[in-house]
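Its first residue numbered 0, the sequence shown is counted upward by one per residue in the working numbering. Presented below is the structure to which this report refers.
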Amino acid sequence: MPPAEILIARSSIAARVRALASALSTAYASTAQPPVLISVLQGSALFTADLMRSIAIDMAVDFISISSYAHSGSHSGVVKIVKDVEIDLSDRDVVIVEDIVDTGLTLNYLRRSLTERGPHSLRTITLLDKTVRRLVPVPVEFVGFEIPDVFVVGYGLDFQGRYRNVGDILVVRDLARLVNEPDLLVGSLWPRRGQRRQPT
Ligand code: PRP
């Protein structure tokens, strides 16, 4: 069994991102001011970049970075903003951009925090949604793909900071093995220079 397999190929991601961008362009075509996309670092960096490139209306983008405190190895829902947005969000139409919504704890915190700043509207777009893992109900208005409870890397999603630059979304079948061998996927993803086929 290969250690990782493609769950969502880059061509499918690209097509879905274009469709999501089209939906956003329509939804925010006649707002008083351009909508503000808030990219939640770090995972949503690739998604945000591709999404905004395909958005066909005037828009603004800003970035927020948060850290979550784990209790006993699990997500506690206690989240701290480590880099805040710089745009004044009062009366703006705000769209939170996530790579994945899992338990919903991060998004729930973010929504509460951003609501306090008085936006005209607040919605969320996520590339991946793992509703099966949800611990708190939280609205997600735009969803790329619903996925099962599997461990995924690629297209911004990481394992210990690695594999974010893989173009496809991969499912890791043997997470315990990856924990023991963090380089496990490297050889098949990026064959070493000496092992590459010579160009013909
Ligand atoms: C991921 C993702 C969300 C959060 C979702 O971030 O980008 O922010 O987890 O999980 P939740 O619904 O269970 O709260 P992560 O903490 O992996 O950080 P990263 O984006 O920097 O990789």
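Glycine included, every Cβ here is placed at the ideal spot set by N, Cα and C. From a predicted model like this one, the values you see are computed outputs, not experimental measurements.
Are residue i and residue j touching if we call contact CB-CB under 8 Å?
i, j, result
"Val131", "Val152", "no"
"Val137", "Gly103", "yes"
"Pro118", "Asp101", "no"
"Leu121", "Arg110", "yes"
"Glu97", "Thr123", "yes"
"Ile56", "Ala28", "yes"
"Ile168", "Leu156", "yes"
"Leu19", "Gly143", "yes"
"Leu183", "Leu174", "no"
"Ser43", "Val60", "no"
"Met58", "Pro33", "yes"
Opposite residue i in the DSSP bridges: which residues?
i, result
"Thr123", "Ile95"
"Ser64", "Leu40, Lys82"
"Gly143", "According to DSSP, Gly143 bridges with nothing at all."
"Gly153", "Leu156"
"Val137", "In DSSP, Val137 forms no bridge with anything."
Just confirm the distance between the C-beta atoms of residue i and residue j, as a whole number of angstroms; I'd bet it's less than 8 Å.
i, j, result
"Leu40", "Phe62", "6 Å"
"Ser67", "Val77", "7 Å"
"Val35", "Leu88", "7 Å"
"Phe150", "Pro181", "At roughly 13 Å, the Cβ-Cβ gap does not stay under 8 Å, so Phe150 and Pro181 are not in contact."
"Asp6", "Phe141", "Residue identity check: residue 6 is Leu in the sequence provided, not Asp. Wrong, their Cβ atoms sit about 20 Å apart, outside the cutoff."
Return helix, strand or coil for residue i, following the three-state DSSP convention.
i, result
"Gly186", "helix"
"Arg161", "strand"
"Ala59", "strand"
"Val131", "helix"
"Leu88", "coil"
"Ala3", "strand"
"Val100", "strand"
"Ser71", "Unreliable positioning characterises Ser71 in this predicted model, as indicated by a pLDDT of 45, which lies under 50. A coordinate reading is not provided."
"Val16", "helix"
"Val178", "helix"
Count the other CB atoms, across all protein chains shown, that sit within 10 Å of the CB of residue i; report buried if there are 16 or more and exposed otherwise.
i, result
"Lys129", "buried"
"Asn164", "exposed"
"Asp90", "exposed"
"Ala13", "exposed"
"Val185", "exposed"
"Asn179", "exposed"
"Thr105", "buried"
"Thr25", "exposed"
"Ala3", "buried"
"Ser71", "Confidence at Ser71 is low in this model, with a pLDDT of 45, below 50, so its placement is unreliable and no value can be given for it."
"Val134", "For the record, residue 134 in the displayed sequence is Leu; it is not Val. Exposed, because fewer than 16 other Cβ atoms sit within 10 Å of the Cβ of Leu134."
"Ile86", "exposed"
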